[in-house]
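S.K.:
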Amino acid sequence: MRKLVISAIVVAGVFALAQGLQALIDGAKKEGQIVTYGSPADWAGYGAIAEIMTKRYGLKHSDTDMSSAEEIAKVKAERNNPVADAFDIGYQFCTIAIREDILMAYKPSRWNEIPLWAKDPLGRCTATYYGTIVLVTNTKVVKNPPKSFKDLLKPEYKGLVAVADPRRAALGQYAVIAAAFANGGSDRNIDPGIKFFAQLAKSGNLKPVAPSKDLLAKGEIGITLDWDFRALNWRKDIPELAISVPTDGSTYGPYATVLNKFSRRPNAAKLWLETVLSDEGQIAFARSGARPIRNVKLPEDVEKGLLPQAQYKVAKPITNWLNMEAVAKDMGEKWALEVVGN
């Protein structure tokens, strides 16, 4: 009898969930449009998400690409005349966005499958995928690709290494934290990471330019540190790229798909997040090289397109999210003094 009661409860829950999602779909179709910031078709799996929204649900979609900080500033400025419905930010920016009170609280249907560390308890910020810092090398320029942070100090890489500036880009901040982990530090102790890059600059190996796909393809830089999913996508156009997780340590950084509290199309906004977190959406992110936040079974061809899982064992998680704003400020000041000052 008890099993029958439990079964009935489960069936009722599934039915209610399906009804809720259908109501969301119907509401979104009436709204007719979804506007996003920082979610371009060539970033992670958003191209596939946009295609589902337009072809399956008949919604018009437009996106304006910008950084996490720019997105937060724009949504805040537009609160009385909102434009965007959803946007993508680095997870470390969630604290800022929550403090600015610009995020809609919504717990998607897959809520219980999201790790505790990857979501705000009230549903205002939910991580949907993550990337890992990897070494990316143009093997036409560098015949012997580095395998570790320590390798980057070799004299043969003089003037060939470029890294994003942590004062301007979240990618640069993650690169410093990855270097900290590789050199005995952590997200709470970034000094070993700063000292490593200071040493790299002093050696002449660090080239003072902002790395990009174009510079890498042209051979104007030989080595950079970037997200695995970006590098894997670049390799489709630049087959000579060697990509690997540094053997002495790295870190991974989640990104959140968040909803505008002031959205004029709340159903479309919620449906966007539901689609991102669906099996189909998560596999789309994996197909682009990103790691899904949910534990979904990936098709064999998708799994083969990713780096071997064994490489990721050295990557350590960031746990100091609440203090990341202060860490980033401290990092920027130390970078200016110890790295740029070299």
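Numbering (mature numbering (1 follows the signal peptide of the UniProt record, and there is no 0)) for the sequence shown: -23 to -1, 1 to 319. Glycine residues also receive a C-beta, built at the ideal position from the N, C-alpha and C atoms.
Does the Cβ-Cβ distance between Y106 and G22 come in under 9 Å?
M.R.: yes
S.K.: Starting from S221 and walking both ways along the alpha helix (DSSP H), at which residues does that stretch end?
M.R.: Per DSSP, S221 belongs to no alpha helix (DSSP H); it is in the beta strand (DSSP E), 218 to 221.
S.K.: What's the gap between the Cα of I2 and the Cα of V235?
M.R.: 18 Å
S.K.: So residue 322 and Y134 are supposed to be a Cβ contact under 8 Å. How far apart are they, rounded?
M.R.: The requested residue 322 is not part of the displayed model; the chain covers only -23 to 319.
S.K.: Could you tell me which residues DSSP pairs with K96 in its beta bridges?
M.R.: T103
S.K.: Out of I215, L80, V52, A(-1), state which residue places its alpha-carbon closest to the alpha-carbon of T114.
M.R.: Of the candidates I215, L80, V52, A(-1), the one whose C-alpha sits nearest the C-alpha of T114 is I215.
S.K.: Can you tell me where the alpha helix (DSSP H) with Y23 in it begins and where it stops?
M.R.: Taken as a continuous stretch (DSSP letters only), the alpha helix (DSSP H) holding Y23 covers 23 to 28.
S.K.: Per DSSP, what kind of secondary structure is L248 in: helix, strand or coil?
M.R.: helix
S.K.: Would G67 pass as a contact of K37 if the rule is Cβ separation under 9 Å?
M.R.: Contact flag unset, no.
S.K.: Which residue marks the beginning of the beta strand (DSSP E) containing L202, and which one marks its end?
M.R.: 200 to 204
S.K.: Is the separation between the beta-carbon of S125 and that of A159 shorter than 9 Å?
M.R.: yes
S.K.: Below 9 Å between beta carbons: does that hold for I167 and M308?
M.R.: The criterion of a C-beta distance shorter than 9 Å is satisfied by I167 and M308.
S.K.: Since T103 and P123 should fall inside the 8 Å C-beta cutoff, what is the C-beta to C-beta distance between them, to a whole number of angstroms?
M.R.: That pair is no contact at about 35 Å.
S.K.: Check whether the stretch 266 to 284 and the stretch 204 to 214 are in contact - that is, three or more C-beta pairs closer than 8 Å.
M.R.: yes
S.K.: Who are the Cβ neighbours of K7 in its own chain at under 8 Å, not counting the five residues just before and after it?
M.R.: Cβ within range, chain order: N244.
S.K.: Leaving aside the five residues before and after K96 along the sequence, list all residues of the same chain whose C-beta is less than 8 Å from its C-beta, in chain order.
M.R.: W88, C102, T103, A104
S.K.: I need the DSSP call for G108, collapsed to helix, strand or coil.
M.R.: strand
S.K.: Classify V186 as buried or exposed, calling it buried when 16 or more other Cβ atoms lie within 10 Å of its own Cβ.
M.R.: exposed
S.K.: Tell me, please, whether the stretch 65 to 83 touches the stretch 299 to 319 by the rule of three or more beta-carbon pairs shorter than 8 Å.
M.R.: yes
S.K.: Tell me, which residues are paired with D40 by DSSP?
M.R.: T13
S.K.: Hey, M81 and T252 are a contact pair by Cβ (cut 8 Å); roughly how many whole angstroms apart?
M.R.: A Cβ-Cβ distance of about 16 Å is found for the pair M81 and T252, leaving them out of contact under the 8 Å criterion.
S.K.: What's the call for N182, buried or exposed, on a 16-neighbour Cβ count within 10 Å?
M.R.: It counts as buried.
S.K.: Is the CB-CB distance between A156 and S163 below 9 Å?
M.R.: no
S.K.: Beta-carbon within less than 8 Å of Y34's beta-carbon, same chain only, minus the 5 sequence neighbours each way: which residues are those?
M.R.: I2, A5, K6, L248
S.K.: Can we say the stretch 282 to 300 touches the stretch 222 to 236, given the rule of at least three CB pairs closer than 8 Å?
M.R.: yes
S.K.: Let me know if S255 comes out buried or exposed under the rule of 16 or more other beta-carbons within 10 Å of its beta-carbon.
M.R.: buried
S.K.: Would you call the CB atoms of D62 and A208 closer than 9 Å?
M.R.: no
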